[in-house]
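K.L.:
Questions regarding the structure given below will be posed in turn.
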Amino acid sequence: MYDEKLDRPDERVEVAPVRAGEELDWGALERYLRATVPGAEGDFAVLQFPNGSANLTYRVALGEQLLVVRRPPFGRVAPKAHDMEREHRVLAGLHPVYPRAPRAVAFCGDPSVIGAPFLVSEYRRGVVVWDRVPDTMPAGGGRRLGIAAVEALADLHAVDPAAAGLQRLGRPEGYLERQVAGWTQRWQAVTTHEGPTATDAVADELARTLPVQGPGAVVHNDFKLDNCQFAPDDPTRVTSVFDWDMATLGDPLTDLGTLLNYWPDPAVVSILPGVDELGLPDKDEVVAAYGARLGRELRRGDLAWYEAFGYWKTAVILQQLYARFVRGETSDPRMAGRGAHVTALSEHALHLLKTI
């Protein structure tokens with residue numbers, strides 16, 4: 001459906017010098033951390049995690065102690081998006097019962113410190129897989145990586161929200177209807193197209209064909225391979241799952257549909273650069289592994305609505321990123337090309353909806 005990658009650097013690094021224009025008030029941040037975090041001693045230093053597209057995420061060193069600091073992107077953000085307080089709450093609740101969630105360290109709701117509310121969490125060592133299986137992993141690691149990620153998702157959906165203290169995180173009833181309405185509003189706020197588009201048509205069709213919603217669960221809302229961190233030498237072990245700012249209680253199959261949208265598919269070039277070459281299991285295996293982990297019998301054909309929703313939501317997110325570039329709210333040159341693939345993703349979502 002489209003034949004180019006969004007971006008594919010020759011070599012991805014975990015951290016890098018802070019991107020020009022994305023510096024914060026480092027003095028204010030240092031003072032906050034030294035006053036708030038136990039054992040915050042030693043020299044202060046900052047590097048940036050450069051591979052994300054939205055929230056600004058930094059690795060902060062205080063002597064030997066390493067922390068992760070996350071804040072929303074600069075400029076206008078969609079309502080309820082980039083919610084650092086929510087992410088802190090989710091991590092604080094999940095970490096004891098779902099150890100793949102990093103430990104929350106602190107939340108600062110005072111925007112005068114670094115310009116926006118921000119989250120502080122533990123830093124964990126490991127690898128994020130982008131476009132190749134690390135050399136430290138055994139042969140055939142790609143398939144194991146894929147199954148491990150799917151099982152990590154299923155394990156999240158098996159968590160009892162009450163056991164994590166998250167029973168009030170959201171309202172599962174009416175979740176799908178609210179998701180479609182909310183993402184439609186986001187699209188309308190950032191579209192640069194004139195007249196009806198394929199993205200508008202998907203919104204209408206998703207609303208018309210809402211499936212019957214099953215029991216609610218903790219939903220990550222952006223679960224994908226590069227939001228998982230693996231043990232460097234073990235493709236079967238997901239050590240961390242990142243980016244919890246959109247987590248809520250809802251229909252867990254939306255997470256599976258989102259994951260399928262990022263997965264290799266002969267019908268559409270994968271959104272994640274290089275993921276086609278990883279040797280991941282196919283989508284049918286993904287669905288089967290997810291169902292087996294939870295004791296459910298699922299087929300990919302049963303998930304057409306959810307997969308279409310995943311593609312459509314990603315199209316809206318890409319348009320949001322492109323709109324930020326157009327408004328001059330980011331200095332990240334990658335964002336200039338994000339809007340180019342919105343139509344192709346929406347058209348693929350329409351194709352999936354026709355199979356229901």
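Last residue of the sequence shown: number 356 in full-length UniProt numbering, and the count goes up by one each step with no gaps.
Even for Gly, the Cβ is constructed at its ideal location relative to N, Cα and C.
All figures in this text were calculated on a predicted structure; none of them were measured in a lab.
1) Mark Ser346 as exposed unless 16 or more other C-beta atoms lie within 10 angstroms of its C-beta, in which case mark it buried.
2) Tell me, please, whether the segment 98-105 touches the segment 120-137 by the rule of three or more beta-carbon pairs shorter than 8 Å.
3) Check each candidate in Arg132, Met84, Glu151, Arg70 and name the one with the smallest Cα separation from Tyr98.
4) Answer yes if the segment 110-120 comes into contact with the segment 63-74, meaning at least three C-beta pairs across the two stretches below 8 Å, and no otherwise.
5) Can you give me the C-alpha to C-alpha distance between Met137 and Val286, rounded to a whole angstrom?
6) For Tyr311 versus Ala336, is the C-beta spacing smaller than 8 Å?
7) Compute the Euclidean distance between the alpha carbons of Lys354 and Val128, then round it to the nearest angstrom.
8) Just list the alpha helix (DSSP H) runs in the segment 250-295, keeping only unbroken ones of 4 residues or longer that don't cross its boundaries, in chain order.
9) Would you call Arg296 buried or exposed, if buried means 16 or more other Cβ atoms sit within 10 Å of its Cβ?
10) Measuring alpha carbon to alpha carbon, tell me which of Trp130, Glu205, Glu41, Ala323 ends up nearest Asp226.
11) Determine the extent of the beta strand (DSSP E) in which Val218 is found, giving its start and end residues.
12) Do Gly142 and Gly279 have their beta-carbon atoms positioned less than 8 Å apart in this structure?
13) Going by CA-CA distance only, name the one from Lys283, Thr258, Thr254 that's closest to Ala267.
14) Which one of Ala45, Glu329, Ala148 has the shortest CA to CA distance from Phe230?
15) Quick test of your reading: Leu294 and Ala158, contact by CB under 8 Å. State the CB separation rounded to the nearest angstrom.
16) Would you call Val13 buried or exposed, if buried means 16 or more other Cβ atoms sit within 10 Å of its Cβ?
17) Just to confirm before moving on: does the CB-CB distance between Thr254 and Val219 stay below 8 Å?
18) If you run the structure through DSSP and keep just helix, strand and coil, what is residue 425?
19) In or out: Val90 buried (at least 16 other Cβ within 10 Å) or exposed?
20) Could you pull out every residue in the same chain whose Cβ sits closer than 7 Å to the Cβ of Val342, ignoring the five residues on either side in sequence?
21) To the nearest angstrom, report how far apart Ser331 and Ala288 are at their CA atoms.
22) For Ala61 and Gly42, I'd like the C-alpha separation in whole angstroms.
23) Quick one, which of Met84, Tyr262, Leu56 has its alpha-carbon nearest Val18's?
24) Is it buried or exposed, Gly250, if we count other Cβ atoms within 10 angstroms and call 16 or more buried?
25) Give the straight-line distance between the Cα atoms of Leu29 and Gly21, rounded to the nearest whole angstrom.
26) Would you be able to state if there are at least three C-beta pairs under 8 Å between the segment 210-218 and the segment 170-180?
27) Since Tyr58 is in the beta strand (DSSP E), which residue starts that stretch and which ends it?
28) Ordered along the chain, which non-local residues of its own chain (more than five positions away) have a Cβ less than 6 Å from that of His351?
29) For Thr192, which beta-bridge partners are listed by DSSP?
30) Among Thr191, Asp222, Ser240, which residue has its Cα nearest to the Cα of Phe309?
31) According to DSSP, simplified to helix, strand and coil, what is Thr36?
32) Which class does Asp83 belong to by DSSP, given the choice of helix, strand or coil?
33) By a C-beta neighbour count over all protein chains shown, 10 Å radius and 16 as the cutoff for buried, is Ala35 buried or exposed?
P.N.:
Concretely, from the data shown:
1) Within a 10 Å sphere around the beta-carbon of Ser346 sit 16 or more other beta-carbons, which makes this residue buried.
2) Contact between the segment 98-105 and the segment 120-137 is present, because at least three Cβ pairs lie under 8 Å.
3) Checked all of Arg132, Met84, Glu151, Arg70; the closest Cα to Tyr98 is Glu151.
4) Taking a cut-off of 8 Å on C-beta distances, the segment 63-74 touches the segment 110-120, as three or more cross pairs fall below it.
5) When the Cα atoms are used, Met137 and Val286 turn out to be separated by approximately 21 Å.
6) Contact flag unset, no.
7) Distance from the CA of Lys354 to the CA of Val128, rounded to the nearest whole angstrom, comes to 35 Å.
8) Runs found: 253-261, 283-294.
9) The residue in question, Arg296, is exposed, as its Cβ has fewer than 16 Cβ neighbours within 10 Å.
10) It is Trp130.
11) 217-219 is the extent of the beta strand (DSSP E) around Val218.
12) In contact: Gly279 and Gly142 (Cβ atoms closer than 8 Å).
13) In terms of Cα proximity to Ala267, the closest of Lys283, Thr258, Thr254 is Lys283.
14) Ranking Ala45, Glu329, Ala148 by Cα distance to Phe230 puts Ala148 first.
15) Right, their Cβ atoms sit about 6 Å apart.
16) Exposed: under 16 other Cβ atoms inside 10 Å.
17) Cβ atoms of Thr254 and Val219: closer than 8 Å.
18) Residue 425 lies beyond the range of the chain shown here (1 to 356); nothing can be said about it.
19) Buried, by the Cβ-count rule.
20) Excluding positions up to five away in sequence, the list reads Thr199, Ala315, Leu318, Gln319.
21) When rounded, the distance between both Cα atoms is 41 Å.
22) In this structure, the straight-line span from the alpha carbon of Ala61 to that of Gly42 is close to 8 Å.
23) Considering only Met84, Tyr262, Leu56, the residue with the shortest C-alpha distance to Val18 is Leu56.
24) It is buried - the Cβ of Gly250 has at least 16 other Cβ atoms within 10 Å.
25) Straight-line Cα distance between these residues: approximately 17 Å.
26) Yes, since at least three Cβ pairs between the segment 170-180 and the segment 210-218 fall closer than 8 Å, the two stretches touch.
27) Run containing Tyr58: 56-62, per the beta strand (DSSP E) assignment.
28) So the list is empty, once near-sequence residues are dropped.
29) Per DSSP, none; premise fails for Thr192.
30) For the residues Thr191, Asp222, Ser240, the minimum Cα distance to Phe309 belongs to Asp222.
31) Helix.
32) Asp83: coil per DSSP, three-state reduction.
33) With fewer than 16 neighbouring CB atoms inside 10 Å of its own CB, Ala35 falls in the exposed class.
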